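Before any comments, here is the structure.
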Amino acid sequence: MDLKKVLQENIDHLSSIGNDPTGGMTRLLYSDSWLEAQKSVKEKLEAIGMTASFDEIGNLFGRVEGTEHPEETILSGSHIDTVVNGGNLDGQFGVIAAYVAIQYLLETHGKPKRSLEVISMAEEEGSRFPTVFWGSKNFVGEAKKEDVLEIADFEGLKFVEEMRRHGFDFRDESKAARDDIKAFVEIHIEQGTVLEKEQLQIGVVNNIAGQRRYTIVLKGEANHAGTTPMGYRKDAVYGFAKICSQAIDRALEVGDPLVLTFGKVEPKPNTVNVVPGEVLFTMDCRHTDSGELHAFTKEIEQLMRDIAAEHGLEIDIDLWMDEAPVPMNEEIVTAIETAAKAENMKYKVMHSGAGHDSQIIAPNFPTAMIFVPSINGISHNPAEATDIDDLVNGVKVLASTLYELAYK
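In short: position in the sequence shown from 1, add 3, done, that's our numbering.
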């Protein structure tokens with residue numbers, strides 16, 4: 004089997020579905036292109052001898068029964084949706100890699116002892132509707148119907164109506180969650196520059212960083228830029244600037260794996276000749292240790308309050324995301340390391356700073372991830388790319404890992 008040829012053909016084919024005329028790919032949950040892509044993957048799964056079916060909400064599964072322990076399932080895959088104008092690897096590479104790796108195993112070794120399964124999850128990105136991880140949360144039985152009953156997309160189209168228009172509906176909550184999954188292995192592009200800069204071929208993910216996200220509003224007093232002396236001002240932008248500078252300096256002192264980002268800033272009235280009276284800004288903080296994450300963010304919250312008070316500003320701090328770090332399963336991490344060594348790959352054990360479906364699945368089933376390098380770390384962008392040889396290396400390590408888990 005020519006892995007490079009098969010992998011490239013599958014990437015090219017699936018990337019043609021949802022091609023955005025403005026560049027990149029746009030394949031949003033419960034859109035026509037999304038359904039076309041899922042049906043295309045279903046055909047691919049059936050073509051390599053897997054039994055394929057959808058669950059109630061649109062997650063797609065392909066399965067080959069194990070010969071000795073069919074009740075034990077080894078699962079691999081990722082999500083099929085994209086961001087708007089996204090690249091052609093985020094999400095879908097994990098789906099393609101899973102069935103290409105299983106195709107290789109079936110052709111090389113025959114049927115596995117344990118059942119092998121591919122999952123193409125309905126949604127992860129949250130790009131169309133204000134909900135995320137709809138696919139994986141339904142898979143593990145955690146999705147809440149009430150969270151999506153009233154939501155709509157940017158065109159006003161209702162979530163529930165679009166779901167039903169494509170032939171899907173809410174899952175039957177009376178059914179027990181699956182208990183047959185013995186391992187889930189997700190492969191993904193890194194979406195960062197660590198592997199590329201360190202000239203490594205594989206990342207073995209042992210932890211997904213926790214995240215705390217805030218929206219903060221500083222309120223001062225808008226006033227004339229020419230007639231208000233500096234000492235009389237309640238300048239909200241000045242307060243924000245001090246917060247941003249001092250918080251980032253503190254984050255640099257703490258160092259890796261802590262990261263801190265002020266990503267959105269909206270001053271008001273945002274005009275050249277008025278002292279800004281209000282600033283809305285966001286803060287995103289991530290760390291692999293829950294205690295360190297909470298301690299640092301509490302320190303920065305107090306820093307913000309102190310600076311606001313010093314400059315006569317009011318402050319409102321809204322913590323709207325508080326996701327704990329998610330450790331990966333040690334045994335599967337070891338299996339991936341063993342596979343990387345067996346394939347003579349240069350690798351490192353590392354954490355993921357980005358969120359993935361694996362963080363939803365890991366608390367429920369043994370889970371770990373494989374990273375392949377990203378060129379210049381670019382992702383969620385039409386320029387997203389990974390060298391085909393690096394993608395092939397990832398499939399080889401995935402196949403070797405699945406062999407260890409399902410055939411031995």
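For glycine and all other residues, C-beta sits at the position ideal for the given N, C-alpha and C. All figures in this text were calculated on a predicted structure; none of them were measured in a lab.
In the DSSP assignment, K271 falls within the unbroken beta strand (DSSP E) covering 268–271. Distance from the CA atom of F136 to the CA atom of V257, rounded to whole angstroms, is 31 angstroms. The alpha carbon of M372 has as its nearest neighbour, out of V188, L31, V352, the alpha carbon of V188.
Rounded to whole angstroms, K47 and N13 show a C-alpha spacing of 9 angstroms.
In its chain, beyond the 5 residues on either side, I391 have a beta carbon closer than 7 angstroms to the beta carbon of Q11. Excluding five sequence positions before and after K7, the CB atoms of its chain that fall closer than 7 angstroms to its own CB belong to I391, V395, given in chain order.
By the beta-carbon neighbour count (other beta carbons within 10 angstroms, threshold 16), F157 is exposed. The residue among I381, V336, G97, S355 with its C-alpha nearest the C-alpha of I211 is S355.
In the DSSP annotation of this structure, the continuous segment of the beta strand (DSSP E) that includes Q214 starts and ends at 213–222.
Counting only runs that start and end inside the stretch 134–185, the alpha helix (DSSP H) elements of at least 4 residues fall at 137–142, 162–168. Following the DSSP letters along the chain, one finds K47 inside the alpha helix (DSSP H) bounded by residues 35–50.
Secondary structure of V9 (DSSP, three-state): helix. Assignment of beta-bridge partners to F284 by DSSP yields I219, V268. In the structure shown, T85 falls within a coil segment according to DSSP collapsed to helix, strand and coil. For the stretch 237–265, the continuous alpha helix (DSSP H) assignments of 4+ residues that do not extend past its boundaries occur at 239–257, in sequence order.
Taking the Cα positions, Q95 is about 27 angstroms away from V262.
The alpha-carbon of K351 is positioned some 13 angstroms away from that of A342.
Straight across, the Cα-Cα distance linking A101 with K200 is about 26 angstroms.
It is roughly 10 angstroms from the alpha-carbon of V240 to the alpha-carbon of N273. Of all alpha-carbon atoms in A104, G113, H82, G97, the one lying nearest the alpha-carbon of G69 is that of G113.
By the neighbour-count criterion, in which 16 or more other beta carbons inside 10 Å mark a residue as buried, R289 falls on the buried side. The beta carbon of A250 sits closer than 8 angstroms to the beta carbons of L263, F265, M286, I303, L306, M307 from its chain, once the five residues preceding and following it are set aside; these are given in chain order. When beta bridges are read from the DSSP output, S123 appears opposite L63, S81.
Membership of F299 in the alpha helix (DSSP H) is indicated by the continuous run 293–313. With the rule of 3 Cβ pairs closer than 8 angstroms, the stretch 126–140 counts as touching the stretch 70–86.
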